[in-house]
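Enquirer: Sequential numbering of the sequence shown, starting at 1434, is according to the numbering used here. We put the beta carbon where it would ideally sit given N, CA and C, even for glycine.
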Amino acid sequence: MRHTMRHVSLFICILLMAGAAVLIGSRGQSPSNQELGELQVTCFSLENGQAALIQCGDHAVLIDAGSADDAPALLQELEDRQVTRLDALVLSYFSPLRMGGAAQVLRSIPTEAVYAPDYDPPADSQGDYRRLLQAIEDAGIPVQLPDEKGDTLTLGDAQLTLERPLQGHYEATEGDYSLTASLEHGVFSFLFPGDAGEQRLGELMAQLPLSHTVLVLPEQGAVHENTEAFLRAVDPQAAVLTGAKAPSEELLTLLNGMEDLKLRDLYCTADGDLTFTSNGLDELTITQAEK
1434 MRHTMRHVSL
1444 FICILLMAGA
1454 AVLIGSRGQS
1464 PSNQELGELQ
1474 VTCFSLENGQ
1484 AALIQCGDHA
1494 VLIDAGSADD
1504 APALLQELED
1514 RQVTRLDALV
1524 LSYFSPLRMG
1534 GAAQVLRSIP
1544 TEAVYAPDYD
1554 PPADSQGDYR
1564 RLLQAIEDAG
1574 IPVQLPDEKG
1584 DTLTLGDAQL
1594 TLERPLQGHY
1604 EATEGDYSLT
1614 ASLEHGVFSF
1624 LFPGDAGEQR
1634 LGELMAQLPL
1644 SHTVLVLPEQ
1654 GAVHENTEAF
1664 LRAVDPQAAV
1674 LTGAKAPSEE
1684 LLTLLNGMED
1694 LKLRDLYCTA
1704 DGDLTFTSNG
1714 LDELTITQAE
1724 K
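(1) Is the distance from the Cβ of ASP1513 to the Cβ of ASN1481 below 9 Å?
(2) Can you have a look at ASP1609 and say buried or exposed, based on whether 16 or more other CB atoms are within 10 angstroms of its CB?
(3) Measuring CB to CB, does THR1660 end up less than 9 Å from LEU1694?
(4) For the alpha helix (DSSP H) holding VAL1538, just list the boundary residues, first then last.
(5) Measure the alpha-carbon distance for ILE1496 versus VAL1649 and round it to whole angstroms.
(6) For GLY1705, which residues of its own chain have a beta-carbon under 6 Å away from its beta-carbon, when the five flanking residues on both sides are left out?
(7) Between LEU1566 and LEU1641, what straight-line distance do the alpha-carbon atoms span, to the nearest angstrom?
(8) In the structure shown, what three-state DSSP assignment does ILE1719 receive?
(9) Who pairs with TYR1700 in a beta bridge, going by DSSP?
(10) Would you say LEU1423 and GLY1713 are within 9 Å of each other, going by their C-beta atoms?
(11) Assuming PHE1663 contacts MET1638 under a Cβ cut-off of 8 Å, what Cβ separation, rounded to an integer in Å, is found between them?
(12) When you compare the CB positions of SER1611 and GLY1601, do they come within less than 9 Å of one another, or not?
(13) So, using beta-carbon positions, are PRO1680 and CYS1701 closer together than 9 Å?
(14) Taking a contact to mean a Cβ-Cβ separation below 9 Å, would you say VAL1547 touches VAL1576 in this structure?
(15) Between the C-alpha atoms of ALA1677 and LEU1507, what's the straight-line distance to the nearest angstrom?
(16) For GLY1654, collect the residues of the same chain with a Cβ closer than 8 Å to its Cβ; drop the 5 residues on either side in sequence, then sort them by chain order.
(17) When burial is assigned at 16 or more other CB atoms within 10 Å of the CB, is ARG1597 buried or exposed?
(18) So, are the CB atoms of LEU1578 and THR1544 less than 9 Å apart?
(19) Distance, Cα to Cα, GLU1631 vs ILE1569?
(20) Are there 16 or more other CB atoms within 10 angstroms of the CB of ASP1520, so buried, or fewer, so exposed?
(21) Leaving aside the five residues before and after ASP1580 along the sequence, list all residues of the same chain whose C-beta is less than 6 Å from its C-beta, in chain order.
(22) In whole angstroms, what separates the C-alpha of GLN1462 from that of VAL1620?
(23) In the DSSP assignment, the beta strand (DSSP E) including PHE1709 goes from what residue to what residue?
(24) Comparing alpha-carbon positions, which option in SER1644, ASP1561 and GLU1652 lies nearest VAL1667?
(25) Distance, Cα to Cα, ASP1557 vs THR1606?
(26) Would you identify the three-state DSSP class for PHE1527, choosing helix, strand or coil?
(27) Contact check, LEU1588 vs ILE1719 under 8 Å by CB: the rounded distance?
(28) I believe ASP1584 touches CYS1489 by the beta-carbon criterion, under 8 Å. Please report the beta-carbon distance rounded to the nearest angstrom.
(29) Taking the beta strand (DSSP E) that PHE1477 falls in, what are its first and last residues?
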């Protein structure tokens, strides 16, 4: 079943029954106005961490890999989606909730490249980090930091651009080291800012054209002084809250006060895997599996 996305006065996490879908129409015309290969973006519902899968044609990229405890469930999700190889594993930064399962993924699925920031993680991440480095070495996979101007991966009819943080050192939050991923498929686009904090959000507003159809909220929806300005710059039609937490009252209050945005709904992976399916032209459907 499909229904048209409507504005709601109170932002809540929308629980969609398996098979239900929301339809987002395009904002404009596709540059080529030609039929594109289908794109699917799945934000997984994991017990602890975050991970998202991009699939377009024969191409697949995994953005983050959840925690070490999440790895068996994540690998089953990838098997269910017939992922037998990865063009790349993108690690936003070295949080145990994003890189903890990476070593097991790399030992299980042939992967062409790993993209990650360049910094030494704190002590509580060192165990996962060492296991990751060993898995990378054993597999002989190149580890890449995106170029200063960004690296773009062509995934069939989709393009994934990875941006590195501008600074070599951040003090406020480790999430400011996050790589940023921007995915484009015809008229639709997705922004993955990792766990960018206040300083990194400010950099992104100066670094990138930020308008995107879908925003995966950084820091599980944390609110900073410049969060409102960042949301206005992205101006998404849908936002995704990843992880096991429900949205904070502070986030809901902020969103409710921004009624001029195009944003219609906030989706939570705590309610189940969330899949976006795009034809790149005029239709983006959103489905959520039952938890």
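Expert: The relevant details are as follows:
(1) no
(2) buried
(3) no
(4) 1535-1541
(5) 12 Å
(6) SER1478, GLN1721, ALA1722, GLU1723 and LYS1724
(7) 30 Å
(8) strand
(9) VAL1673
(10) Nothing about residue 1423 can be reported from this structure: the residues present for the chain run from 1434 to 1724 only.
(11) 6 Å
(12) no
(13) yes
(14) yes
(15) 15 Å
(16) LEU1674, LYS1678, PRO1680, SER1681 and LEU1684
(17) buried
(18) no
(19) 31 Å
(20) buried
(21) none
(22) Bear in mind that a pLDDT of 49 at GLN1462, under 50, signals an unreliable position, so the number given afterwards is only what the model happens to contain. Distance between the alpha carbons of GLN1462 and VAL1620 is about 7 Å.
(23) 1707-1711
(24) SER1644
(25) 14 Å
(26) coil
(27) Not a contact, Cβ separation roughly 20 Å.
(28) With a Cβ gap of about 17 Å, ASP1584 and CYS1489 do not count as contacting.
(29) PHE1477 -> no beta strand (DSSP E), and no H or E assigned at all.
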